[in-house]
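Q:
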Amino acid sequence: MIDLYYWPTPNGHKITLLLEELVDAGHALEYAIKPVDIGAGSQFEPAFLAISPNNKMPAIVDHAPADGGAPVSVFESGAILQYLAEKTGLFLPSDLRGRVATLEWLYWQMGGLGPMSGQMGHFNVYAPEPIGYAIDRYGNEVTRLHGVMDKRLARNEFLAGEHFSIADMASYPWIGAYDKLPADFSAFPHLKRWHHAIAARPATARAYAWKDKVNPRAGQPLSEEERRHLFGQSPPRA
Ligand SMILES: N[C@@H](CCC(=O)N[C@@H](CS)C(=O)NCC(=O)O)C(=O)O
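Residues in the sequence shown are numbered from 31 upward in steps of one, following the working numbering.
1) What residue range does the alpha helix (DSSP H) around residue 166 cover?
2) If you follow the alpha helix (DSSP H) that residue 156 is part of, which residue opens it and which one closes it?
3) Just the C-alpha distance for residue 55 and residue 48, rounded to the nearest angstrom, thanks.
4) Can you tell me which residues fall inside 5 angstroms of ligand 1, judged by beta-carbon distance to its nearest heavy atom, and keep chain order?
5) Taking its Cβ as the centre, do 16 or more other Cβ atoms sit within 10 Å of residue 161, making it buried, or is it exposed?
6) Can you look up residue 244 in the DSSP assignment and give me helix, strand or coil?
7) Which residues in the same chain have their Cβ closer than 8 angstroms to the Cβ of residue 60, if we skip the five residues on either side of it in sequence?
8) Taking residue 212 as part of the alpha helix (DSSP H), name the residues at either end of that continuous run.
9) Quick one: give me the first and last residue of the alpha helix (DSSP H) that residue 147 is part of.
10) Do residue 196 and residue 260 count as a contact pair if the criterion is CB distance below 7 angstroms?
11) Just how far apart, CA to CA, sit residue 143 and residue 62?
12) Have a look at 179, 191, 176 and 262 and flag the residue whose alpha-carbon is nearest the alpha-carbon of residue 157.
13) Assign residue 50 to buried or exposed, taking buried as 16 or more other Cβ atoms, counted over all protein chains shown, within 10 Å of its Cβ.
14) Give the DSSP-derived three-state secondary structure of residue 102 in the structure shown.
15) Taking just the CA atoms, how far does residue 106 sit from residue 159?
16) Return the first residue and the last residue of the alpha helix (DSSP H) that residue 196 is part of.
17) Can you look up residue 83 in the DSSP assignment and give me helix, strand or coil?
18) Considering only DSSP beta bridges, list what residue 188 is partnered with.
19) Would you call residue 104 buried or exposed, if buried means 16 or more other Cβ atoms sit within 10 Å of its Cβ?
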């Protein structure tokens, strides 16, 4: 049994995407959703910090690790995707070149597409006043990253090559992640083809179905309390 500490955001969707793809691949891992209401401050609870010291979800606890020992906890969505792919032997090729390509694009997402898209969303959707420099800076960088993806997908069906992998699952939720900033695919036909193909997968529909089940308020404007928990953080005390 896997406990998935989750809230329906792009980083949370990455893990439900993989867990649902594993069902369709015939290697289902039983999982239980443990909601972490990040707008209510649940990410600061000591029990959660014990497994996710950066006070962010997703995180998992695997109660049946491969070595048969005590439960294993994992934080950071990229590390979780890699851990579950290695546990099941799926969506991360075992051949040298396929594995390298998958990890390249996984960490490209973790270090680039995710953080830059998050900042773009912050300055366009959540910032209390518009800051032109930040809007331009992150908007330009995200457009550049979409161009990098488009070029890659012009020659490959998926990011890591011809096989759907955890690199695609990491990137998909960050394309058009904000309702108020719909994805503009006009200059990126290959990215559009890839996005539509993943959207049409049955596992994607099931992964995203958790959204309304776990947070019926998803998509509503943030309350003052939610803003305080998410954007008013100060450094942790020793
Ligand atoms: N690099 C982390 C980022 C996770 C992350 O930013 N999670 C956000 C929601 S998408 C969160 O939990 N925020 C709560 C907070 O910042 O206190 C990962 O990929 O797991």
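Even for Gly, the Cβ is constructed at its ideal location relative to N, Cα and C.
A: For this structure:
1) Taken as a continuous stretch (DSSP letters only), the alpha helix (DSSP H) holding residue 166 covers 162 to 185.
2) Run containing residue 156: none; DSSP gives neither H nor E here.
3) 10 angstroms
4) 39, 41, 68, 73, 85, 86, 87, 106 and 107
5) exposed
6) helix
7) 31 and 32
8) Where residue 212 is concerned, there is no enclosing alpha helix (DSSP H), given that its DSSP letter is neither H nor E.
9) Counting along the chain, the alpha helix (DSSP H) containing residue 147 begins and ends at 144 to 151.
10) no
11) 28 angstroms
12) When only C-alpha atoms are compared, the closest one is 262.
13) buried
14) strand
15) 30 angstroms
16) 196 to 201
17) coil
18) Looking at the DSSP assignment, residue 188 forms a beta bridge with 191.
19) buried
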